[in-house]
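Step one of this worksheet: look at the structure below.
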Amino acid sequence: MTGPTDTNGRTVASLRELPQSIEPARDLWPGIESQLTALPAQDSAQGAGPGYRRALRLRWLAAAAMLSCLAVGIWIGRSLLPGAAVGHLPPSTASRSTVPGLAPTALDAAYVSDPRYERQRRALVRALQERLAVLPPPARAKVTASLAAIEKAKKDLEGALGQDPGNALLQELLINTYQDEMRVLTDVHEASDSGRGI
Amino acid sequence: MVHAQAEETRVDWESALVQRARGGDRRAFERLYREHVGRVYGLCLRMTRDAQLAEDCTQDTFINAWRALGKFETRSSLSTWLHRIAVNVSLARRRKSGPVEPLPAEEQETAAEWTLETPVEVQELENAIGALPEGARDALVLHALYGYSHGEAARMLGIAEGTCKAQLHRARRLLRERLGMEVN
Amino acid sequence: MRIALSLTLALLPLLAATTASASSDKTFDQQVPAQPRGVVEISNVSGSIQVSGWERNDVSVHAELDAGVERVDVSSDGGRTTIKVIVAHSSSDGGEARLQVKIPKDSELNVSAVNADLTSSGVLGVQHLSAVSGNITAELGGADGELKTVSGDLRLKAHGLPARLHVSTVSGDVYLEHGAGDLEASTVNGTLILSLDGARSVRARTTAGDVRFEGKLTRGATLEASTVSGDLNVRASAEGGYAYEVSSFSGDITDCFNASPERVSKYGPGSRLEGTRGEGAGHLRLKTMSGDVQLCDRP
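Chains as they are written, first to last, in my numbering: chain A, 112 to 309; chain B, 171 to 354; chain C, 5 to 303.
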């Protein structure tokens, strides 16, 4: 039989001094949550009110970016990406490389994208100048600098991946950077709606 | 002032989380899980004496709690309510897996602090508790470790208060034999 | 003539009582009853917004309004109080409003501003604070929070009460003191300086800025921090210890455990440091492309 283990040799003078709280060896929440999801009716999260609803207006764009990044991420490896979603996508979506047995390269990664993500990104980029023009000048300058930092990061990462295409760290950081770019484009889109009059 | 405010806020925070979880907010329920999983797992582990069973018991406890959130009165202690569910889950699993041991005759157990004649290593004490027969162990864990009264422990276990006291008396005697010292 | 003069004199009090006029700077004051756990929504284009929680079941608004602000609309209905600044001209004409708002301390607070600094204190409910060009300074009372700004800094003070926080800025810095619970923090080229008393999960991300984390992790907690070109400096202790995994493509990795990072490849750049502290109950992952990483499990 197994039971609570205390390997520190600590002594107690009363049963009441035994610890009431013992943490399980692993996080049980994922198993619990998956069963809650399967329950009828009670699993609908109502969120926290209009504040969340307003903030979530354009989050589906981020979700589309995530789908794209997850497709890229399949061949990076399950253990390197956060969350468990990676393992649920079929490996066949991972790469469009037509040469069997050839490891995907950074160039392959650049073209492995969800079409919805690509469409929405193009639309946001096209509208970017117009959206930036609505922002207060200090914000406009800072956002432009941030987007430039993202571009530089992408170039540096893609350059490094060109030398070392199988490098999982670089691949993960590149995905993060694409996600961050989408976050900034989405934030600018929302912010410029605010700037036009709340 | 800040400490009192923090305590008050902690209680308000838990009630607010329960309200939100009732409305289907799983993130709020996860927060409650994280706050209480240690005490629930601790109880399950001591009742089942098996880490895998205790994990199953813990998961079932929280799933049952989610289903029954509408019945929880926010004035009561959430921790106690979760323990009640955990005890029911553990007992149900046990009933499925084998015959139930006979109950001892009821006794008048006097109040005890459960102090040991000399300090004992935690592991040795946990092993001694784990070696107790199920009924005695259940009563001991709820009363001596988790501080429930005879009446509360008896209600959780679905037995008469006198029977609960008898189990505690039996637990003390067996611990005394096992540890070779008085348990007062 | 007499009638016209009388009419004008009769109308003067009404003119004085209107909430705004386009001709001069002015103040605005209004108080409305509110539910103790209701929602308060505030929006302002330009200026500042200071919100504080109080014990009363009222929302009190005091504002100083520049020329160019047409009016302030305050309404309270069914548990929701709304405060909205209406500008007569575009914000480039200087239509600033400086709002001081007191709300029931358990309210849910939603604030949206364009070119304004936001401050909140003594608010115990959920907070959603959003600014385009403005700094956010907030005291967090144990409820969840989502705080974001495009080009400002975020300065947050919690009280060690577990909560779920999501904070982001595009180009500013994030400072968090006495946080606890679950945190997601991101900036592109700012710095994240995070201090948590009891973290369960932390995800911190920058592109070009640094991440500095100091604090305690609860048992089984996870901490993930990544940056492309910034440095990572993490001093984290944890109940039950943690398994750590540190990777840098071209930067240096140092630690206080006397562990040595290993080269990922004999022929190219990249180093990795993996190991366990204590029982290894938690998980810590730090990744950077060209930045340096420093890791320690004590302050």
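Cβ coordinates follow ideal geometry from the N, Cα and C atoms, glycine included.
With a threshold of 16 other beta carbon atoms within 10 Å, B/P303 falls short and is exposed. Distance from the CA of B/T285 to the CA of B/F242, rounded to the nearest whole angstrom, comes to 35 Å.
Within chain B, not a single residue places a beta-carbon under 8 Å from that of C/P108; the smallest gap is close to 12 Å.
A contact between stretches requires three or more CB pairs, one per stretch, nearer than 8 Å, and the stretch 131 to 141 of chain C meets this requirement with the stretch 151 to 168 of chain C. Residue environment analysis places B/R204 among the buried positions, since at least 16 neighbouring C-beta atoms fall within 10 angstroms of its C-beta. In the DSSP annotation of this structure, the continuous segment of the beta strand (DSSP E) that includes C/T85 starts and ends at R84 to V91.
For C/S56, no CB of chain A lies under 8 Å from its own CB, so it is not counted at the interface with that chain. The beta carbon of A/D291 sits closer than 7 Å to those of I261, all from its chain and outside the five residues before and after it, given in chain order. Within the same chain, Cβ atoms closer than 6 Å to the Cβ of C/S125 are found at S56 and E143, the five residues on either side in sequence being excluded.
Contact between the stretch 204 to 222 of chain B and the stretch 300 to 316 of chain B is present, with at least three C-beta pairs closer than 8 Å.
With distances taken between CA atoms, A/T116 lies nearest to A/P135 out of A/R127, A/P135, A/V254 and A/S125. Counting the other Cβ atoms within 10 Å of the Cβ of A/S132 gives fewer than 16, which makes it exposed.
At a cut-off of 8 Å between beta-carbon atoms, B/R201 makes contact with chain C. Counting along the chain, C/R60 sits inside no alpha helix (DSSP H), nor does DSSP assign it H or E at all. Residues G244 and G245 of the same chain have their beta carbon placed closer than 7 Å to that of C/E283, with the five preceding and five following residues left out of the count. When DSSP states are grouped into helix, strand and coil, B/Y211 belongs to the helix group. Taking 8 Å as the cut-off, the Cβ atoms of C/R75 and C/I90 count as close.
At least 8 Å separates the beta-carbon of C/G234 from that of C/T258. Beta-carbon to beta-carbon, B/R348 and B/A301 are separated by about 6 Å, close enough to satisfy the 8 Å threshold. A/Y228: member of the alpha helix (DSSP H) spanning P226 to R237, first to last residue.
Shown here, C/N193 sits in coil according to DSSP, grouped into three states, outside any helix or strand. Contact between the stretch 182 to 200 of chain C and the stretch 291 to 300 of chain A is present, with at least three C-beta pairs closer than 8 Å.
A/N287 counts as buried, since at least 16 other C-beta atoms from the protein chains shown sit within 10 angstroms of its C-beta.
Taking C-alpha positions only, C/L187 is separated from A/L139 by approximately 20 Å.
A straight-line Cα-Cα distance of about 25 Å links B/V259 and C/G224. Of the other Cβ atoms in all chains shown, 16 or more fall within 10 Å of the Cβ of C/L299; this residue is therefore buried. Considering only beta carbons, the part of the stretch 207 to 240 of chain C lying closer than 8 Å to chain A consists of R207, R209, T211, A212, R223, G224, E228, S230, V232 and S233, in chain order. Annotation for C/V215: no alpha helix (DSSP H) segment contains it, though the beta strand (DSSP E) segment containing it runs V215 to T231. The three-state reading of DSSP puts C/K152 in strand, counting E and B together. Per the C-alpha coordinates, the member of C/L290, C/S275, C/S241 and C/S252 positioned closest to C/R302 is C/S241.
Taking 8 Å as the cut-off, the Cβ atoms of C/V36 and C/V63 count as close. Residues S56, W58 and S64 of the same chain have their beta carbon placed closer than 6 Å to that of C/K106, with the five preceding and five following residues left out of the count.
Burial state of C/D29 is exposed, judged by a 10 Å Cβ sphere holding fewer than 16 other Cβ atoms.
When the five nearest sequence neighbours on each side are left out, the beta carbons in the same chain lying within less than 6 Å of the beta carbon of C/V297 are those of L236, V250, S252, I257 and L290, in order along the chain. For C/R267, not one C-beta of chain B is nearer than 8 Å to its own C-beta.
Identification of chain C residues near A/E128 by a Cβ-Cβ cut-off of 9 Å yields none; the smallest Cβ-Cβ distance measures about 18 Å.
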